[in-house]
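Report on the following structure.
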Amino acid sequence: MSNEYQFKPHEQPFMVGSPATPDHPVPRKVLYLLIGIFIGLTASFQNGLLVANLTQIQGEMGLTPVEGGWISVAYNMTNACITVLLYKIRQQFGMSLFSKITLFFLLTATSMQWLVSSGLLTTTTGIQIDSYYLEIVARGFSGVVASAMTVLSIFYCLQGMPAAKRISGLILGFGLVQLGIPLSRIISPYLAIDGQLENLFLFEVGLALICFGLMNILELPAGITEKVFEKLDILSFAFFASGLAALCVFFVQGRIQWWSTPWLSYPLIIAVITISIALWIETHRKNPMLQVRWMRSRNIIAFMITGATMRILLSEQSVGAAGLLANLGYGNDQLITFYIVVLAASVLALAISVFRTNAMELRRPVIFAVALIALGAWIDTGVSVNSAPYMFYASQFMIAFAAIYFMGPMVFEGMFRALANGPAYIISFSVIFGISQTIGGLAGAAAIQAFTTIRTKVHYADMVGAVNLGDPALAGQVAGIRGGLLSQTTDSAQASIAAVARVLQGVQQQATVAAYDDLFFLMGSIATITVIILLINYLYYRYHKINPLAKELAAIAKMREPK
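Each position in the sequence shown, counted from 1, maps to that position plus 17 in this note's numbering.
Right, here's the structure in full:
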């Protein structure tokens, strides 16, 4: 688009830092939409490939689970806290520089990982680099990239949407990021053959280069910029980012090292203190980045709690069902069909959400999504050591559908509440939504890990306590295992000890499965209670003929009136 083009009134950027929305011809609209989808999927792979292959990455680099945890921390801490800074960069420097910064981080992160994994850097230059620390840096960059590319995906999708459905680009952009984990689980076995990770990292480099080409072929329209950075932004952001980073450390390493580890109290204390200081600064600033008074209003707190609760409940799939199948010995290559089912449900939910979300009826889809989670969790109860992936297809289809379907109404409601107060409130909505999803997801995974660990120990103690060494069936089982081991060793005593250990391993597996069964029961109960609470609230508003967003919708309608 030429620099001389004068935007019509309805084509003007909605706010500082966003691109204009010209009346594009249809072919250009389609190209914008396709590029937006590709960027969104690329953003989703930044975390998806890490989650799907963290065990292999640890094995390839010879890392302990604790060291692998720091890789996850590096990604989540930057992803959770960078939203505020990226918003300011767009406002002051425009979309063009923002896009270039994003592409720089993307190419840097993917190139570093590939160079180290391939050994090319060492063989060609002789430079010795510790791959573990480089991986941490690269994953930190990936967290920034995922957040920035989600924004770019949304803006590209907005350009490709019809004017009447333009805000649905928000749903599409946010939803595409959720496809990363099932997609990564599906393609990883074909890329990381025999545990070789070089192809995975090369795949990421390829995606980055394609994004670089596409975004240079068709750039986003220009927007409005203004000087927005203030000296106090640096101080406020430093405290806020430090607090979120400390929370990520607490949830990730607490899950791995257990919550009684003494040093874990320090990141929690740091998080409370630094976030409190940041919020105090923002509350008393003349031009705050975060609208703290609005963020702590009853409606917004309820919005945050609902979003975080949904993310915790959705951990039933990512940590619950997936964790059980992993404990039963199923690897990525055996779960391809399972994740194809999850992906199909996610794509279906995204399509329905984009085209069917109604601004006048946002609570009902959320209730439906929570009901699906409850039903899926109840279906999953009654698992055993003989449970197979195909037994989870129906339940996990429901939960995967719910994971995407709830997002549209949540995004709409949060955006409407922000817009009704003015464009300056959108950054606060972005921060609230991002934190509720990232921290909520980490908290959900941590809570599930803690619950299953405790319940496994309880069930194991009960099962071992109930073991009767005089039971003929048990004695026969031990004797059979012992007989098989004697063909490999002449030490009779050692074979007997190993046979008993094998039996206890079987008891351990049964205890683990029983713990996951308890988890599914708990998740089903919590989701059912949540449905009841939301339904009562919904029926109350329906009975009194009150639209909970009436005030916000009226304010937005007034903004759109011709001056």
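Ideal Cβ positions, reconstructed from N, Cα and C, are used throughout, including at glycine.
Please state the DSSP three-state secondary structure of residue i.
i           : result
residue 564 : coil
residue 36  : strand
residue 247 : coil
residue 431 : helix
residue 152 : helix
residue 316 : helix
residue 458 : helix
residue 236 : coil
residue 375 : strand
residue 252 : helix
residue 241 : coil
residue 200 : helix
residue 19  : Note on residue 19: pLDDT 46, under 50, position unreliable in the model; no value is reported.
residue 311 : helix
residue 207 : helix
residue 195 : coil
residue 275 : coil
residue 348 : coil
residue 102 : helix
residue 188 : helix
residue 64  : helix
May I have the straight-line CA-CA distance separating residue i from residue j, to the nearest angstrom?
i           : j           : result
residue 7   : residue 462 : Because the chain in this structure spans residues 18 to 580, residue 7 falls outside the shown range and cannot be described.
residue 480 : residue 398 : 20 Å
residue 107 : residue 33  : 8 Å
residue 563 : residue 315 : 17 Å
residue 356 : residue 418 : 13 Å
residue 123 : residue 162 : 6 Å
residue 452 : residue 437 : 21 Å
residue 273 : residue 264 : 14 Å
residue 313 : residue 336 : 30 Å
residue 325 : residue 98  : 16 Å
residue 288 : residue 560 : 43 Å
residue 47  : residue 381 : 31 Å
residue 100 : residue 349 : 32 Å
Which residue from the options puts its Cα closest to that of residue i?
i           : options               : result
residue 165 : 57, 312 and 72        : 57
residue 179 : 227, 448 and 50       : 50
residue 306 : 224, 367 and 446      : 446
residue 432 : 561, 251, 322 and 184 : 184
residue 465 : 537, 477, 409 and 411 : 537
residue 176 : 276, 85, 241 and 38   : 38
residue 547 : 115, 322, 91 and 367  : 322
residue 191 : 169, 202, 89 and 270  : 169
residue 114 : 332, 35, 367 and 469  : 35
residue 208 : 452, 383 and 223      : 223
residue 275 : 468, 55 and 76        : 468
residue 196 : 97, 317, 66 and 72    : 66
residue 366 : 130, 389 and 255      : 389
residue 73  : 239, 242, 368 and 215 : 215
residue 154 : 258, 167, 171 and 130 : 130
residue 659 : 172, 205, 174 and 442 : A question about residue 659 goes unanswered here, because the residues of the chain that appear run from 18 up to 580.
residue 472 : 416, 533 and 454      : 533
residue 362 : 79, 103, 542 and 193  : 193
residue 87  : 539, 470 and 271      : 271
Ignore the nearest five residues each way along the sequence and tell me which others in residue i's own chain have a CB closer than 6 Å to its CB.
i           : result
residue 379 : 426, 429 and 430
residue 327 : 423
residue 89  : 269
residue 198 : 65 and 68
residue 371 : 185, 188 and 189
State buried or exposed for residue i, treating a residue as buried only when at least 16 other CB atoms are found within 10 Å of its CB.
i           : result
residue 61  : buried
residue 311 : buried
residue 354 : exposed
residue 421 : buried
residue 260 : buried
residue 423 : buried
residue 156 : buried
residue 251 : exposed
residue 297 : exposed
residue 81  : exposed
residue 581 : This structure gives no information on residue 581, because the portion of the chain shown stretches from 18 to 580.
If you drop the 5 nearest sequence neighbours on each side, which residues of the same chain put their C-beta closer than 8 Å to that of residue i?
i           : result
residue 530 : 341, 344, 345, 400, 401, 402 and 404
residue 268 : 456, 459, 460, 462 and 463
residue 19  : Here the model assigns residue 19 a pLDDT of 46, short of 50, so the residue's position is not dependable, and the following value carries that caveat. So the list is empty, once near-sequence residues are dropped.
residue 552 : 384
residue 235 : 45, 48, 49 and 52
Taking only beta-carbon positions, decide if residue i is within less than 8 Å of chain E.
i           : result
residue 535 : The question asks about chain E, but that chain is absent: this structure has only one protein chain.
With a CB to CB cut of under 7 Å and the five nearest residues on each side skipped, what residues in its chain are close to residue i?
i           : result
residue 477 : 524, 525 and 528
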